[in-house]
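Following my numbering, the numbering of the sequence shown begins with 193 at its first residue and continues without gaps. Report on the following structure.
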Amino acid sequence: MKRDELLKNPVYWTTALQMELYRQINVFMQKRGMNKTQLAEYLGCSKGYVTQLLSGDYDHKISKFVELSLAIGKIPEFSFIDVDEYIESENSPYVSTVSSGSYTSVVYSNREIDDYITAA
193 MKRDELLKNP VYWTTALQME LYRQINVFMQ KRGMNKTQLA EYLGCSKGYV TQLLSGDYDH
253 KISKFVELSL AIGKIPEFSF IDVDEYIESE NSPYVSTVSS GSYTSVVYSN REIDDYITAA
């Protein structure tokens, strides 16, 4: 699958949001020394729900996504970018570096998705 095809796939964007929420929750738990049970108590939900949340086995409504984000002290920001403009901006081999805390991601383009998997 080519990158432009991937960027037009709703599953890609849903997964990206889920992964970011997962990452933010993990940082929240680590900073406070929380385990899953303590997080469940903090959020007012079951430990099973927290397990689902941390395994990526969920597909929440936007309202629940926002609620969880705010519960961990984060404001979710979304932006809407034209698909074709986004793909066009990726035509350079190096697009950007995204950093958040100890997490850094370099975004590359013009490569097959399989290239990312085999290069890792």
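Backbone N, C-alpha and C define an ideal beta-carbon position, used for all residues, glycine too. Since the model is a prediction, treat every value here as computed from it, not as a measurement.
Going by C-alpha positions, Pro202 is about 11 Å away from Leu209. Exclusion of the five residues before and after Tyr278 leaves Leu199 as the residues of its chain whose Cβ lies within less than 7 Å of its Cβ. Between Leu245 and Ile217, the C-beta gap is smaller than 8 Å, which places the two residues in contact. Following the DSSP letters along the chain, one finds Gly240 inside the alpha helix (DSSP H) bounded by residues 239–247.
A Cβ-Cβ separation of about 6 Å places Leu213 in contact with Leu260 under the 8 Å criterion.
In the three-state reduction of the DSSP assignment, Ile254 falls in the helix class.
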